[in-house]
Amino acid sequence: MAAPRNLVVEVGGLRDEENGEDSPTSKKPIGTKLEGKFPLSRWEFAAALAVFFIFSMALFFIFMTMPAAEYGKLKFPRTVSDLRALKDHLARYANSYPAKFILGYCSIYIFMQTFMIPGTIFMSLLAGALFGVVRGLFLVVFNATAGASSCFFLSKLIGRPVVNWLWPEKLRYFQGEIAKRREKLLNYMLFLRITPSLPNLFINLASPIVDIPFHVFLLATIIGLIPASYITVRAGLALGDLKSVKDLYDFKTLSVLFLIGSVVIVPTLLKRKRVYE
Numbered sequence: 005m006a007a008p009r010n011l012v013v014e015v016g017g018l019r020d021e022e023n024g025e026d027s028p029t030s031k032k033p034i035g036t037k038l039e040g041k042f043p044l045s046r047w048e049f050a051a052a053l054a055v056f057f058i059f060s061m062a063l064f065f066i067f068m069t070m071p072a073a074e075y076g077k078l079k080f081p082r083t084v085s086d087l088r089a090l091k092d093h094l095a096r097y098a099n100s101y102p103a104k105f106i107l108g109y110c111s112i113y114i115f116m117q118t119f120m121i122p123g124t125i126f127m128s129l130l131a132g133a134l135f136g137v138v139r140g141l142f143l144v145v146f147n148a149t150a151g152a153s154s155c156f157f158l159s160k161l162i163g164r165p166v167v168n169w170l171w172p173e174k175l176r177y178f179q180g181e182i183a184k185r186r187e188k189l190l191n192y193m194l195f196l197r198i199t200p201s202l203p204n205l206f207i208n209l210a211s212p213i214v215d216i217p218f219h220v221f222l223l224a225t226i227i228g229l230i231p232a233s234y235i236t237v238r239a240g241l242a243l244g245d246l247k248s249v250k251d252l253y254d255f256k257t258l259s260v261l262f263l264i265g266s267v268v269i270v271p272t273l274l275k276r277k278r279v280y281e
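Mapped onto the working numbering, the consecutive letters of the sequence shown carry residue numbers 5 to 281.
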């Protein structure tokens, strides 16, 4: 017997065949991948465009306040060689217009972090090259935290279908790990931030979906980003010796990060051991 015309069961919910739209009462489960289907509804896509437009206009108006003569010399670096070539010019610019340079630097960093644009590692190297370890580390951690927080709230608005679409298996795994560690959630989030166990991009997007409280997310981000940021900022002091960004995280550096992360997650592991005894 043929299926009724008005209903078609799909992965993740019900779909009305006649009007071609998702049922408003359907809820797509975490970890379900929608094959061949754009993940955002029309209102979600419109909301994403609106947020991007607002951030872009703010960035545009900030750069409109900068000296026009400097525009032609500004170029976003894509390699360490590009960064070395840009460093001297930016150093003169930072000395001549310190407040405007800091404002422009922070705006670009937060914009890139919010909308998951690759290249923030060059911004971190630049902070070390121009401001030294202490000020550079403060700038990087501040901007990375602000950008991650913006990404968190953007994902809270429209992130669920995107993450379900891109990383269904990884999201299921993350949800399961979070469920097992609710009582020591801060320790686990610190471990993830300190070590490269999961990409920071995924953590920013998935955290609101698996119901991680924002205060836990924020504190783990501020503290957990310090070790890796210190390594990157410090490397910016010696750009001439750096051949590639891959050189930043060699086996020794990764081992140190995992060692720090292991110390942080010990209370969580001990708690689980006591539960099973």
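Ideal placement from N, C-alpha and C gives every residue a C-beta, glycine not left out.
Residue i classed as buried or exposed, judged by whether at least 16 other C-beta atoms fall within 10 angstroms
i, result
"Ile216", "buried"
"Met127", "buried"
"Thr29", "For Thr29, the pLDDT reaches just 36, beneath the cut-off of 50, and the residue's location in the model is therefore unreliable, although a value from the coordinates is still provided. Counting Cβ neighbours within 10 Å, Thr29 comes out exposed, since fewer than 16 surround it."
"Val268", "buried"
"Val1", "The shown model of the chain, from 5 to 281, leaves out residue 1, and the question about it has no answer."
"Ser233", "buried"
"Thr69", "exposed"
"Leu94", "buried"
"Ser266", "exposed"
"Phe221", "buried"
"Lys256", "exposed"
As assigned by DSSP and simplified to three states, the class of residue i
i, result
"Ala242", "coil"
"Met193", "helix"
"Asp215", "coil"
"Trp171", "coil"
"Pro231", "helix"
"Pro102", "helix"
"Ser285", "A question about residue 285 goes unanswered here, because the residues of the chain that appear run from 5 up to 281."
"Asn136", "The question names Asn, but residue 136 is Gly in the sequence shown. Reduced to three states, the DSSP call for Gly136 is helix."
"Pro165", "helix"
"Tyr109", "helix"
Beta-carbon contacts of residue i that lie in its chain and below 7 Å, excluding the five residues immediately before and after
i, result
"Trp171", "Phe206"
"Ile114", "Asn147, Ala150, Gly151, Ser154"
"Ala210", "Val167, Leu175, Phe178"
"Ile264", "Ile198, Pro231"
Distance CB(residue i)-CB(residue j) smaller than 8 Å
i, j, result
"Ile213", "Leu44", "no"
"Leu134", "Ala98", "yes"
"Phe156", "Phe59", "no"
"Leu223", "Leu202", "no"
"Leu63", "Ser111", "yes"
"Gly108", "Phe67", "yes"
Own chain residues within Cβ distance below 8 Å of residue i, not counting five before or after
i, result
"Thr236", "Ile125, Ser128, Leu129, Gly132, Val144, Leu252"
"Ile226", "Val145, Thr149"
Quick test of the definition: if touching needs 3 or more C-beta pairs under 8 Å, does the stretch 45-60 touch the stretch 152-167? yes
Taking three-plus beta-carbon pairs below 8 Å as touching, is the stretch 139-146 in contact with the stretch 169-184? no
Can at least three beta-carbon pairs, one atom from the stretch 233-244 and one from the stretch 188-196, be found at a separation below 8 Å? no
Between the stretch 76-96 and the stretch 242-258, can you find at least three pairs of beta-carbon atoms closer than 8 Å? yes
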